[in-house]
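Notes to accompany the following structure.
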Amino acid sequence: MFLKLLIRNLQMLYRTLKSVLLRPFTIFRYKLSSLTNISKLLNRIPKFFSSLLAKFKLKPEKREDYVDAGQMYIAKSLLIIILTLLIAIPLLVYFVAWPWVVSMFLTAKFYTGQPQIPKYTGKVAIFYEQKMENLLFKGRLKDGKYIDLGQEYYKNGRPEYIGNYVNGQYEGSGTLYAEDGKQIYTGSFKAGLYEGAGDLLLNDGSTYKGEFAAGKMDGKGEIFQAGKLFYEGDMKDDQKSGNGKEYYSDGSVAYDGSFAQNVFEGNGTEYAQGGKIKYKGSFSAGLYSGQGKLFDKKGPLIYEGNFVEGLFSGNGRYYDSNGQLVYDGSFLNGLYDGKGKLYNQGSLYYDGSFLVGMMSGNGTLSEDTSGLNYTGAFENNDIAFGKLFNLKVEEIYKAFTSGLTEDTSQTDYFYLYNKASGLVLKLAYANDKDPAKLSDVFTVPKIGSLTKIQSAEDFKLPGVYEVGPKGDGAIDGTILQLLGAGADATKFYKANYAGYGVTYWTNPTTGDVVMVEYYPSAPKPAGTQAGPAAQATAQALSTGPLDSAALQKDAVYFQDLGLDMGDFASLDY
Numbered sequence: 007m008f009l010k011l012l013i014r015n016l017q018m019l020y021r022t023l024k025s026v027l028l029r030p031f032t033i034f035r036y037k038l039s040s041l042t043n044i045s046k047l048l049n050r051i052p053k054f055f056s057s058l059l060a061k062f063k064l065k066p067e068k069r070e071d072y073v074d075a076g077q078m079y080i081a082k083s084l085l086i087i088i089l090t091l092l093i094a095i096p097l098l099v100y101f102v103a104w105p106w107v108v109s110m111f112l113t114a115k116f117y118t119g120q121p122q123i124p125k126y127t128g129k130v131a132i133f134y135e136q137k138m139e140n141l142l143f144k145g146r147l148k149d150g151k152y153i154d155l156g157q158e159y160y161k162n163g164r165p166e167y168i169g170n171y172v173n174g175q176y177e178g179s180g181t182l183y184a185e186d187g188k189q190i191y192t193g194s195f196k197a198g199l200y201e202g203a204g205d206l207l208l209n210d211g212s213t214y215k216g217e218f219a220a221g222k223m224d225g226k227g228e229i230f231q232a233g234k235l236f237y238e239g240d241m242k243d244d245q246k247s248g249n250g251k252e253y254y255s256d257g258s259v260a261y262d263g264s265f266a267q268n269v270f271e272g273n274g275t276e277y278a279q280g281g282k283i284k285y286k287g288s289f290s291a292g293l294y295s296g297q298g299k300l301f302d303k304k305g306p307l308i309y310e311g312n313f314v315e316g317l318f319s320g321n322g323r324y325y326d327s328n329g330q331l332v333y334d335g336s337f338l339n340g341l342y343d344g345k346g347k348l349y350n351q352g353s354l355y356y357d358g359s360f361l362v363g364m365m366s367g368n369g370t371l372s373e374d375t376s377g378l379n380y381t382g383a384f385e386n387n388d389i390a391f392g393k394l395f396n397l398k399v400e401e402i403y404k405a406f407t408s409g410l411t412e413d414t415s416q417t418d419y420f421y422l423y424n425k426a427s428g429l430v431l432k433l434a435y436a437n438d439k440d441p442a443k444l445s446d447v448f449t450v451p452k453i454g455s456l457t458k459i460q461s462a463e464d465f466k467l468p469g470v471y472e473v474g475p476k477g478d479g480a481i482d483g484t485i486l487q488l489l490g491a492g493a494d495a496t497k498f499y500k501a502n503y504a505g506y507g508v509t510y511w512t513n514p515t516t517g518d519v520v521m522v523e524y525y526p527s528a529p530k531p532a533g534t535q536a537g538p539a540a541q542a543t544a545q546a547l548s549t550g551p552l553d554s555a556a557l558q559k560d561a562v563y564f565q566d567l568g569l570d571m572g573d574f575a576s577l578d579y
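Dropping the structure here:
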């Protein structure tokens, strides 16, 4: 009776131990059924223990299978099982169950440099230093590399990155922060780089929202400045490239067209603030280049034609603010240069050659208001009066095809004049020794010419010249009458050019130029040494018209700098 009771108790103990041992594994198996490999392993554990227990015989077969325990006998197999379990269970818990629980449900703490980190798998908190005060990383490791959702921190405790990892790199969704706490980027990552859609804070404080590839802005996107849309369109390698639009701060379009490397490139339209077109045409390196149209801020067309580096260059047409054609012809560096036609109030005023923005060379002048018509040489944006002295009187009549009135009231001289144009040609009658010839030309100063002189330093004229004498004198009364000029021009300043001189008659009080007189220069006495400017001029005239024109063009550049080109004669100017 006692033996049967003992056997039943042992069987009950066996079932209890079996249940205790196998129950945790059964629970874990169901919890981790989605993990195929672990599930299969857990399925094998109960079978292993069942087969192990089956090998031990609970029913005694002979006296030697028992241990005498005084009032009872205990099977040796049961003692062996109990002893085995007492040893195995702690070892199993310490080396398998507890590390697994820690890795799955608890957080292990490390500091940088610990040798366990490179091989560790599980949840961790890694600190910068051994004191474990400043957190570096919090999340999961797999073989020492960051995986799944985690967080990195700066030494000041602020987050550096919050998001997903794959194989130790940012991958998936995440947010990157600057050390001062500002959000640098939020969006998608791949292999540690921006990839896909995201928002990026740029170095200039603006924000980009759009597509990324290989860590750079690439694809469609938008750039915001101070919270307002500044650009929308295509991006390539962190730069505006392709088709896009730029906006003013008020939301109106500033530019709509093609970009390359962050600047306007190709065809596009630039707008003034408010919506009116400013320029429409071709761009290169951010500047107007090629064919295009430039508009006034109020809307009318100003220029249509060719551009080079933002300036009118090549053939084009220039208009005034009322839309009337001003110039049709060739440009260079924003100035009239080459062949062209100049218009005044819609009527053709000049047709001929230009140099650095001025009438220069051969051309035809037609003044509607005065009726004056002239065909011949021009320089310094006016008729080349100094070259008229080289012409015969009949050639002068041919040059001025209309607009001049003849006055023969004087004994030794006669005059050709046009009061409306402010021009008087004084000619000497023919005599026994000399044919009729031009002796002087008088004009009133025009806009853009020298209009005020108070000292020789005020001479800033185009071309090559020498400053001549100054003094007081009187003007031919007939000239004053024909021009309708006052008699207050008594102070004069002279400038000497090659072959002719110019006298500027001024008001002695105000310095205003009242009249300009041209006259042929007297030849220098034999043995007189010419000044550097005169030498340069004579050299230019002796080398032909092309070199002379080039010298005149260079003289204009020197004049713009406030220099006298004659001072540089030793350098072949």
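Position one of the sequence shown corresponds to residue 7 (the numbering used here), numbered consecutively onward. Ideal Cβ placement from N, Cα and C applies to all residues, glycine included. As the structure is a computational prediction, the values presented were derived from the model and not from experiment.
(message) For proline 526, list the residues DSSP reports as bridge partners.
(response) Tyr506
(request) Give me the Cα-Cα distance between isoleucine 459 and valine 519, rounded to the nearest whole angstrom. (result) 7 Å
(request) Check aspartate 244 in the structure and name its three-state DSSP category. (result) Correct three-state label for aspartate 244: coil.
(request) Go to leucine 486, then tell me how far its alpha helix (DSSP H) extends in each direction, as first and last residue. (result) 483-489
(request) Compute the distance between the beta-carbons of tyrosine 134 and leucine 142, then report whether it is under 7 Å. (result) yes
(request) Have a look at glutamate 463 and glutamate 472 and give me their C-alpha separation to the nearest angstrom. (result) 12 Å
(request) Between the Cα of tyrosine 160 and those of Ala184, Thr509, Lys432, spot the shortest distance and give me the residue it belongs to. (result) Nearest option by C-alpha distance: Ala184.
(request) Would you kindly work out how many angstroms separate the C-alpha atoms of alanine 542 and proline 468, rounded to a whole number? (result) Bear in mind that a pLDDT of 43 at alanine 542, under 50, signals an unreliable position, so the number given afterwards is only what the model happens to contain. Here the alpha carbons of proline 468 and alanine 542 stand approximately 15 Å from one another.
(message) Using C-beta distances below 7 Å, list every residue in its chain close to tyrosine 294, excluding the 5 sequence neighbours before and after it, in chain order.
(response) Excluding the 5 residues flanking it on each side, tyrosine 294 has same chain C-beta neighbours closer than 7 Å at Tyr285, Gly287, Phe313, Gly316, in chain order.
(request) Name the two residues that bound the continuous alpha helix (DSSP H) containing glycine 392. (result) 391-394
(request) Going by CA-CA distance only, name the one from Gly409, Tyr499, Thr516, Gly392 that's closest to leucine 371. (result) Among Gly409, Tyr499, Thr516, Gly392, the Cα nearest to that of leucine 371 is on Gly409.
(message) Suppose you measure from the CA of lysine 347 to the CA of glycine 358; what does that come to, to the nearest Å?
(response) 6 Å
(request) Could you pull out every residue in the same chain whose Cβ sits closer than 7 Å to the Cβ of glycine 280, ignoring the five residues on either side in sequence? (result) Ser258
(message) Buried or exposed, going by whether 16 or more other CB atoms sit within 10 Å of the CB of glutamate 276?
(response) buried
(request) With a 10 Å radius around its C-beta and 16 neighbouring C-beta atoms as the bar for buried, classify tyrosine 214 as buried or exposed. (result) buried
(request) With a 10 Å radius around its C-beta and 16 neighbouring C-beta atoms as the bar for buried, classify alanine 220 as buried or exposed. (result) exposed
(request) Pull up the distance between the alpha-carbon of leucine 338 and that of tyrosine 261, whole angstroms please. (result) 26 Å
(request) Kindly indicate which residue of Leu341, Ser212, Pro165 has the alpha-carbon position closest to the one of glycine 322. (result) Out of Leu341, Ser212, Pro165, Leu341 has the C-alpha closest to the C-alpha of glycine 322.
(message) Please report the straight-line C-alpha distance between lysine 246 and leucine 206, rounded to a whole angstrom.
(response) 15 Å
(message) Suppose the cutoff is 6 Å on Cβ atoms and the five residues either side in sequence are ignored; what does the same chain contact list for alanine 197 look like?
(response) Answer for alanine 197: Gln175, listed in chain order.
(request) Within its chain, find whatever has a CB closer than 7 Å to the CB of glycine 517; leave out the 5 residues flanking it on each side and keep chain order. (result) Once the five neighbours on either side are set aside, the close Cβ partners of glycine 517 are Lys458, Ile459, Gln460.
(request) Alpha carbon to alpha carbon, how far is asparagine 209 from isoleucine 132? Give it in angstroms, no decimals. (result) 31 Å
(message) Could you give the first and the last residue of the continuous beta strand (DSSP E) run that contains valine 314?
(response) 307-314
(message) Let me check understanding here. Comparing Cα to Cα, which of Leu182, Glu412, Lys299 lies closest to leucine 199?
(response) Leu182
(message) Short of 7 Å in beta carbon distance, which residues of its chain neighbour glycine 490, apart from the five on each side in sequence? Order them along the chain.
(response) Answer for glycine 490: Lys425, listed in chain order.
(request) Pull up the distance between the alpha-carbon of lysine 443 and that of alanine 436, whole angstroms please. (result) 7 Å
(message) If you reduce the DSSP assignment to three classes, tell me which class threonine 457 lands in.
(response) Shown here, threonine 457 sits in coil according to DSSP, grouped into three states, outside any helix or strand.
(request) Let me know the secondary structure DSSP gives aspartate 464 once reduced to three states. (result) Residue state, collapsed to three classes: helix.
(message) According to DSSP, tyrosine 200 sits in a beta bridge with which residue or residues?
(response) In the DSSP output, where bridge partners are listed per residue, tyrosine 200 has Phe195.
(message) Using a 10 Å radius around the Cβ and a threshold of 16 neighbouring Cβ atoms, would you call threonine 534 buried or exposed?
(response) For threonine 534, the predicted structure reports a pLDDT of 39, less than 50, and the residue's modelled location is therefore unreliable. The matter cannot be settled from this model.
(request) For leucine 547, name the three-state secondary structure that DSSP assigns. (result) With a pLDDT of only 35 at leucine 547, under 50, the local geometry of the prediction cannot be trusted, and the value read off the model is given with reservation. In this structure, leucine 547 counts as helix in the three-state DSSP scheme.
(request) Decide if methionine 364 is buried, meaning its Cβ has at least 16 other Cβ atoms within 10 Å, or exposed. (result) By the neighbour-count rule (16 or more Cβ atoms within 10 Å), methionine 364 is buried.
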